[in-house]
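Novice:
Protein chains: 2
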Amino acid sequence: MKLNTKSRYAVMALADMSKFPINNPVSLRDISLRQSISLLYLEQIFLKLKKNEIVKSVRGSSGGYVLKRDPKNIKLSEIFQAVDQKVKTVGCKKDSKKGCNGKSVKCITHELWDELDIYINNFFENKNLSDLLMTKERKN
Amino acid sequence: MKLNTKSRYAVMALADMSKFPINNPVSLRDISLRQSISLLYLEQIFLKLKKNEIVKSVRGSSGGYVLKRDPKNIKLSEIFQAVDQKVKTVGCKKDSKKGCNGKSVKCITHELWDELDIYINNFFENKNLSDLLMTKERKN
DNA sequence: TAATACTTGACTATTTTAGTCGGGTATATA
DNA sequence: TATATACCCGACTAAAATAGTCAAGTATTA
Ligand code: FES
Ligand code: FES
C-alpha cells in the first residue's frame, strides 16, 4: 500500500505553483529546481495535467504553466485521476460479477476492500490544493 | 496506491479460518482450494503470521493452523504488519529530519501524506477479523 | 510406515515504477 | 528576425518490487 512518485510529484508541483499569483506562468524548470524533481519527468506529468484541464500551458519564452482553476476548486482526487493513478484495493474488477479468483462469486474479503477503497477515495475527494497551503506558511 | 496480494491473501485466508471452530486446525491445502490461492504462497504468508503470533501451527497429519486469538482481537493492522506490508505514503523517512528530496527540510506536501498515512492506518486499526464475517453470511 | 502438513531459504519470471531520450513546435524578446 | 526559452510527445529502459515457485527438509498421526 504505497503512493507512487507520479502522484506525489503531481501534487507537489501543483502546490508549488499555487503559491504564485494566478495567471503568472510558472516554468517547469523552476519547479524542477525548487522541488528537486526531474524536469523530464515533470514534463510527462504536466502533459497529463493539461489534458485533464487542471493546468493550461503558455508556450514560448517566459512561458510555463498556469492553474486553470482556483486552488480551492482543484480536488486531490482530480489530480490523481489525471495522472491515472487510481486507488486499487480489490483484487477483482469492480464492475464485473466475477471474483478476484476467477470464480463467479465475490470473495469473502471483497466488501472489506471495497469499503477501504471508498474510504481512501474519500480522503482525496475532500482535500483541495488550497488546503495544502494553509497548514503552514512554508517557503521550500 | 494499491494493495498487494500478500496482504489481501493474508486477510482472506484468516477470514476463511475464522469461520471454523477455534482449536480446529485448518490446513493450508484446504484454504488454498477454497480460496484459490497458491499453496506455496500461502505457506510463505503463514510463516510470517506464525512468527507474529497471529496463528499457531499444528504439525503432522490432520494438522494445520489455528488462530492464536479470538477473531475479535485480531486487528487488520496486525495482519498487515505481520506480512510486513506497511502503508507508505510519504516519500521520505518519517523519523528523519530530511525531506524526500534530500533537503534538510520536509517538503510542501509532507504533512498531507503524513495525514493520509494516519488516516489509512486508522482504517486497519479499527477493523478486526470478526468484522469481516458479520457483514453477510457468506459461504465461499 | 505412509501420508499429511508444516518449515525454511533461495530462486525467478513478470510487472510496475520511475524515470530518460530524441526530436520536435510555439512564442517572446533582444 | 534570430535565438533562447519552454512546452510537446512517443518511445524506450534500468531498476525495483511483486507474486510467486522450488527443493529439500521435519514433525506427527492414523
Ligand atoms: S476482491 Fe473482489 S472478489 Fe476478491
Ligand atoms: S514526503 Fe516527507 S519530505 Fe516530502
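Line order of the protein sequences matches chains D and G.
273 is the number that this note's numbering gives to position 37 of the first sequence; each next residue is one higher, with no gaps.
309 is the number that this note's numbering gives to position 73 of the second sequence; each next residue is one higher, with no gaps.
The beta carbon of each residue, even a glycine, is placed where N, CA and C say it ideally should be.
Fair warning: this is a prediction, and the values are worked out from it, not measured in the lab.
Counting along the chain, where does the alpha helix (DSSP H) carrying Leu369 of chain D start and finish?
Specialist: Leu365 to Met370
Novice: Please decide whether Lys238 of chain D counts as near chain G, where near means a Cβ-Cβ distance under 9 Å.
Specialist: Yes, its Cβ sits closer than 9 Å to a Cβ of chain G.
Novice: DSSP state of Ser298 of chain G, grouped into three classes?
Specialist: coil
Novice: Residues of chain D with a CB under 9 Å from the CB of Ala318 of chain G: which are they?
Specialist: Within chain D, no residue comes near Ala318 of chain G; the closest Cβ sits about 14 Å away, beyond 9 Å.
Novice: So which residues on chain G does Cys328 of chain D lean against when the C-beta distance must stay under 7 Å?
Specialist: Here the premise fails: no neighbours, minimum Cβ distance about 10 Å.
Novice: Can a CB atom of chain D be found closer than 9 Å to the CB of Lys339 of chain G?
Specialist: yes
Novice: When the Cβ atoms of the stretch 261-272 of chain D are set against those of the stretch 293-306 of chain D, are three or more pairs found closer than 8 Å?
Specialist: yes
Novice: Rank D:Ile344, D:Val326, D:Pro307 and D:Lys333 by C-alpha distance to the C-alpha of Asp180 of chain D and give the top, closest one.
Specialist: In the structure as shown, chain D begins at 237 and stops at 376. Residue 180 of chain D is therefore absent and cannot be evaluated.
Novice: Evaluate the contact criterion for the stretch 274-293 of chain D versus the stretch 242-256 of chain D: three or more CB pairs, one atom per stretch, below 8 Å.
Specialist: yes
Novice: Give the interface partners of Gln280 of chain D over in chain G, defined as CB-CB distance under 8 Å, in chain order.
Specialist: From the beta-carbon of Gln280 of chain D, no residue of chain G is found nearer than 8 Å; the closest lies around 18 Å away.
Novice: Can you confirm whether Arg374 of chain D, when its beta carbon is compared against all beta carbons of chain G, has any partner nearer than 9 Å?
Specialist: Any reading at Arg374 of chain D needs caution, since the residue's pLDDT is 45, under 50, leaving its predicted position unreliable; the model's value is listed next. Chain G, which has a Cβ nearer than 9 Å to the Cβ of Arg374 of chain D, makes this yes.
Novice: Using the rule of at least 16 other Cβ atoms within 10 Å of the residue's Cβ for burial, across every protein chain shown, is Gly296 of chain D buried or exposed?
Specialist: Exposed, because fewer than 16 other Cβ atoms sit within 10 Å of the Cβ of Gly296 of chain D.
Novice: Give a yes or no on contact between the stretch 347-363 of chain G and the stretch 306-313 of chain G, applying the rule of three or more CB pairs nearer than 8 Å.
Specialist: yes
Novice: Whose beta carbon lies closer than 5 Å to any heavy atom of ligand 2, going through the chain in order?
Specialist: Residues with their Cβ less than 5 Å from any non-hydrogen atom of ligand 2, running along the chain, are G:Val326, G:Gly327, G:Cys328, G:Gly335, G:Cys336, G:Lys342, G:Cys343 and G:His346.
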